[in-house]
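Heads up, the sequence shown is in numbering that gives the first Met the number 0, so the first residue is 0 and it goes up one at a time.
Glycine included, C-beta positions come from ideal geometry on N, C-alpha and C.
On a predicted model such as this, the values are computed, not experimentally measured, just so you know.
Read through the structure below, which is laid out as structure tokens, and then see the notes.
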Amino acid sequence: MIKVPMTGEGFASLKEELRWRQQEERPRIIEAISEARSHGDLSENAEYHAAKESQSHNEGRINELEDLIARAEVID
0 MIKVPMTGEG FASLKEELRW RQQEERPRII EAISEARSHG DLSENAEYHA
50 AKESQSHNEG RINELEDLIA RAEVID
């Protein structure tokens, strides 16, 4: 595994972004998907497709952050 050097401040920033994406953004997106589903036909539901795209982007970023945090090497 290749370590990623970063400052303590950078590491803390990544951890905070991960927390925000998991605990705040993820539930908000799930709610948006649920709301869009209640509007009926999903095939032409732009709101639903936008929410699913946001979900995909958010989950991808969560995976990136988890990887970076796992490989982080905090330097002075």
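Contacting residues, own chain, Cβ-Cβ under 7 Å from residue i (five flanking each side not counted)
i   : result
P4  : E72, I74
R25 : N57
E16 : L64
M0  : R70
H38 : N44, E46
Proximal residues to residue i (C-beta, below 6 Å), its chain only, five neighbours per side dropped
i   : result
A31 : A50
Beta-ladder partner(s) of residue i, from DSSP
i    : result
P145 : No answer is possible for residue 145: the residues shown for the chain start at 0 and end at 75.
Same chain only: Cβ atoms within 8 Å of residue i, ignoring 5 sequence neighbours per side
i   : result
S53 : I28, A31
A11 : none
Rounded Cβ spacing between residue i and residue j (contact assumed at less than 8 Å)
i   : j   : result
Q21 : I61 : 6 Å
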